[in-house]
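For what it's worth, the numbering used here labels the leading residue of the sequence shown as 21, then goes sequentially. Report on one structure; see the data block that follows.
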Amino acid sequence: MLQMMISKRIGRKQFHFTVQGNNFHETVAEYDRLSFSDVAACGLCGSDNLDLTSRVAQDKFKYTSIRCLDCRADLTFGKTQKDDQTVFLRRREGGELDWRAMDKSDR
Ligand SMILES: [Zn+2]
């Protein structure tokens with residue numbers, strides 16, 4: 021069994037994840053599934069006061085996202101269709117991260 025520790029910086033916080041596999045290939049494959057980039061600041065207000073958050077909508081849709089604690093904007097992690105363990109940060113067509121202002125109906 022091999023383990024690998026990954027650090028991700030989200031705003032001013034550092035998060036550590038440990039992935040593991042039976043061999044080097046499996047361990048790197050697990051690492052690939054979390055291959056999103058560090059996120060330094062909120063795309064809307066520029067704050068680095070960010071956190072990770074998860075929620076379940078309608079009892080079935082699971083969302084994980086980065087939340088700006090200052091303006092409540094939300095950057096949701098996408099999942100690939102064939103493998104919901106592989107996550108990436110949603111981007112707009114132009115390539116920039118898809119930060120969304122908080123939906124007023126959630127307030
Ligand atoms: Zn913000």
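Each residue gets a CB set at the ideal place from its N, CA and C atoms; glycine is no exception. No experiment lies behind these values; they were computed from the predicted model shown.
Asked                                                                                         : Found
Name the two residues that bound the continuous beta strand (DSSP E) containing V107.         : 107-109
Which residue's Cα is closest to the Cα of F35: D52, Q23, V59, H45?                           : V59
DSSP three-state call for A60: helix, strand or coil?                                         : coil
Tell me whether D52 sits in a helix, a strand or coil according to DSSP, three-state version. : helix
How long is the line joining the alpha carbons of G114 and K80, rounded to whole angstroms?   : 30 Å
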